[in-house]
Amino acid sequence: KQASPSVLAIAMAEEGEATRTDVAELVNMPETTRVRSVAYCPVSTLPFEYCEFDADYKASQAWFAENWRSVLPPNEVRAYLGTAEGSGEEEAAAAEVSSDELAALMAKLGLSGELDDHAKRSQKAGKKTAADAPPPAAAAAPGGGGGGEAGGAGGGGEAPGGEGGGGGGKAGKKAKAASRAVVIEVNTRNKRKHITVVKGLEGFEVDLAAAAKAFGKKFACGSALQRGKGGQQDQIEIQGDAADALPAFIASKHKIALSDIFVVVDGKKVPASELGA
1 KQASPSVLAI AMAEEGEATR TDVAELVNMP ETTRVRSVAY CPVSTLPFEY
51 CEFDADYKAS QAWFAENWRS VLPPNEVRAY LGTAEGSGEE EAAAAEVSSD
101 ELAALMAKLG LSGELDDHAK RSQKAGKKTA ADAPPPAAAA APGGGGGGEA
151 GGAGGGGEAP GGEGGGGGGK AGKKAKAASR AVVIEVNTRN KRKHITVVKG
201 LEGFEVDLAA AAKAFGKKFA CGSALQRGKG GQQDQIEIQG DAADALPAFI
251 ASKHKIALSD IFVVVDGKKV PASELGA
C-alpha cells in the first residue's frame, strides 16, 4: 500500500530530508497561518456562517447585504474566499470588493442560495409561536383546585382552604425541583459544523450570559446565549463539540451534581455520571 503525500512529507521532515517549504508543498498547506477575527451578526448574535439556522435568517441576510462593509473589510472578504494569497496585504485591503466576490462570499456564508433541509428545520423550529406551547397555568390548576375543594368539604371556611392551596404550591415547587436538569446536545449543521447546545442551567440559578462567556473562555471558541423565542427555552450555543469536557466543567464551576447533567447520546439522555465525565 502506497503512503499518502502527507505521511511521506512528515517522514521526510523527521529525517531532515525536507524543509518546511517542501512539506507545505507536498501536503498542499500554507507555510504560514494567520489569525482571523470572527464577524458576528447583530440580528441573530451568531457568526454569519450560522445565520442560516436562525429564525431571523431573512433579517440577517438583509442586514448583511446592506452593511457587510462595516464588519468585513476587503482583506477579510478575500481571506474568507481564500483569494488573498499572492497579493500584498495593503493591496488586498485597498482593492474594492467586486460584485462577483460579494456574491461568492454570501454563498460561502450561507446567506444566499438554496438552504439545506437542516437549516430549514432549524428556522421553522425557531418560529414556533407561544400558542404552540401548553398554557403554563394548566399544571398548577389541579393543586390549587384541590385546596379549594378541601376547604369546602370541611365546611371550615378560610383556614382549611388556605392550607390546601398552600399544599398545592409546595407540591408544585417539589415537582419543579425534581424536574431540574442540564441537557447537553451536539448538533451537526450543514454536515460540517458542530454546535454544542446547553439547556437548563437557569433551573440552578446560573447566570446564562456569564456562563456563556465562561464556556467561550474555557474552550477558546465562540459561545453565545440564545434567548428562546415563541415560548422556547433559552440555551447556550458553543462552537464545536465540547460534550466530553463540558459536564465536568459545569459540575465544578456551578456546583451541579453530575447526576443532574445529561448528555444526549444517540437521541437518548444519558446522565453524565454514567459516562465517566
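If you count by our numbering, then the sequence shown holds residues 1 to 277, one letter each, in order.
Quick reminder that beta carbons are idealized off the backbone N, C-alpha and C, glycines included.
Indicate the three-state DSSP secondary structure (helix, strand or coil) for residue i in the structure shown.
i	result
Val71	coil
Ala209	helix
Gly267	coil
Ala224	strand
Pro47	strand
Ser273	helix
Ala55	coil
Leu81	helix
Glu96	coil
Glu114	coil
Gln61	helix
Ala107	helix
Gly200	coil
Lys253	helix
Ala245	coil
Gly231	coil
State the beta-bridge partners of residue i as determined by DSSP.
i	result
Asn187	Ile195
Gln239	Ile195
Val182	Ile261
Tyr40	Pro47
For residue i, count the other beta carbons within 10 Å of its own beta carbon; 16 or more makes it buried, fewer makes it exposed. Which is it?
i	result
Gly231	exposed
Ala257	exposed
Ser60	buried
Gly228	exposed
Lys255	exposed
Asp54	buried
Ile261	buried
Gln233	exposed
Asp56	buried
Lys253	exposed
Val182	buried
Glu237	buried
Val77	buried
Gly267	exposed
Glu49	buried
Lys269	exposed
Gly82	exposed
Lys199	buried
Val97	buried
Val38	exposed
Ala65	exposed
Asn75	buried
Gly113	exposed
Ser44	buried
Ala242	buried
Ala62	exposed
Asp207	exposed
Ala107	exposed
Compare the C-beta of residue i with all C-beta atoms of chain D and state if any pair is closer than 8 Å.
i	result
Lys58	Within the model displayed, chain D is absent; a lone protein chain is all it includes.
Pop quiz: residue i and residue j are said to be a contact at Cβ under 8 Å. What is the actual Cβ separation, rounded to whole angstroms?
i	j	result
Asn187	Val197	6 Å
Pro247	Ile184	7 Å
Ala224	Ala212	6 Å
Cys41	Gly110	Actually they do not touch by this definition, with Cβ atoms about 11 Å apart.
Would you check whether the ligand ATP has a heavy atom nearer than 7 Å to the C-beta of residue i?
i	result
Ile184	For the ligand ATP, the structure offers nothing, since it holds no ligand at all.
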